[in-house]
Amino acid sequence: MARQRTPPLPLVGIIMGSQSDWETMQHTAAQLDALGVPYEAEVVSAHRTPDRMFEYAETAVARGLEVIIAGAGGAAHLPGMTAAKTSLPVLGVPVQSKSLNGLDSLLSIVQMPGGIPVGALAIGKPGAINAALLATAILGNKHAKFRKVYDRFRAEQTAKVRENHKLPLKPAP
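Here the numbering used here = 1-based position in the sequence shown + 5.
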């Protein structure tokens, strides 16, 4: 009988304030998948399920997480409140909103009081992708495998730019 391989425990937690935030945060998950970083993803609302948010943050270290990526729109308290309840690095992704285009979320995430740091990323999809890359770089400080993966990603990105640096001399018809 063949031994079944146990999937790796997640090292990154992706949390978001509501199901609608998945439209943005799925890009974090996709980038982590592409890099081979194990993660978990779930809705944990700072406003609607505060006890669940506290439990999630307080048990993250014991569950083996090493980085938390929190996406939130509007008042965007999830990243800051999560950071207040854990010693893990928390990366905040402002989700673009219809009313203020994500600026409200960005300002909420950036304006943390001294002593409770949150790494704030760009609004929307670019921030979601960069959160995955930054989490991978953080993991690379402890896990050589992820440093190699991240270094390879950066080298491939540079090579693509070098390959495509020339523009056509004439506009296409």
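Virtual Cβ for every residue (Gly too), placed ideally from N, Cα, C.
All values derive from a computational prediction rather than experimental measurement.
Length of the line joining the Cα atoms of residue i and residue j
i           : j           : result
residue 125 : residue 153 : 24 Å
residue 26  : residue 147 : 30 Å
residue 108 : residue 133 : 15 Å
residue 104 : residue 111 : 13 Å
Inter-residue CB distance, residue i and residue j (contact presumed, cutoff 8 Å)
i           : j           : result
residue 141 : residue 42  : 6 Å
residue 181 : residue 44  : Any answer about residue 181 is impossible in this case: the structure gives the chain only from 6 up to 178.
residue 61  : residue 20  : 7 Å
residue 163 : residue 100 : Contact flag wrong, Cβ pair sits at about 30 Å.
residue 70  : residue 93  : 6 Å
residue 91  : residue 73  : 7 Å
Closer than 6 Å: residue i CB and nearest the ligand ZN heavy atom
i           : result
residue 165 : This structure does not include the ligand ZN; it has no bound ligands of any sort.
Cβ-based neighbour list, residue i, same chain, cut-off 7 Å, excluding 5 preceding and 5 following
i           : result
residue 160 : none
Endpoints, the alpha helix (DSSP H) within which residue i is located
i          : result
residue 28 : 27 to 40
residue 63 : 55 to 64
Nonlocal neighbours in the same chain, by C-beta distance under 6 Å from residue i, ignoring five residues either side
i          : result
residue 51 : 58, 82, 83, 86
residue 6  : Its pLDDT being 48, under 50, residue 6 is placed unreliably in this model, and the value from its coordinates should be taken loosely. Cβ neighbours of residue 6 beyond the five flanking positions: none.
Residues near residue i by beta carbon distance below 8 Å, same chain, minus five either side
i           : result
residue 121 : 85, 88, 89
Span of the beta strand (DSSP E), counted from its first residue to its last, around residue i
i          : result
residue 99 : 95 to 99
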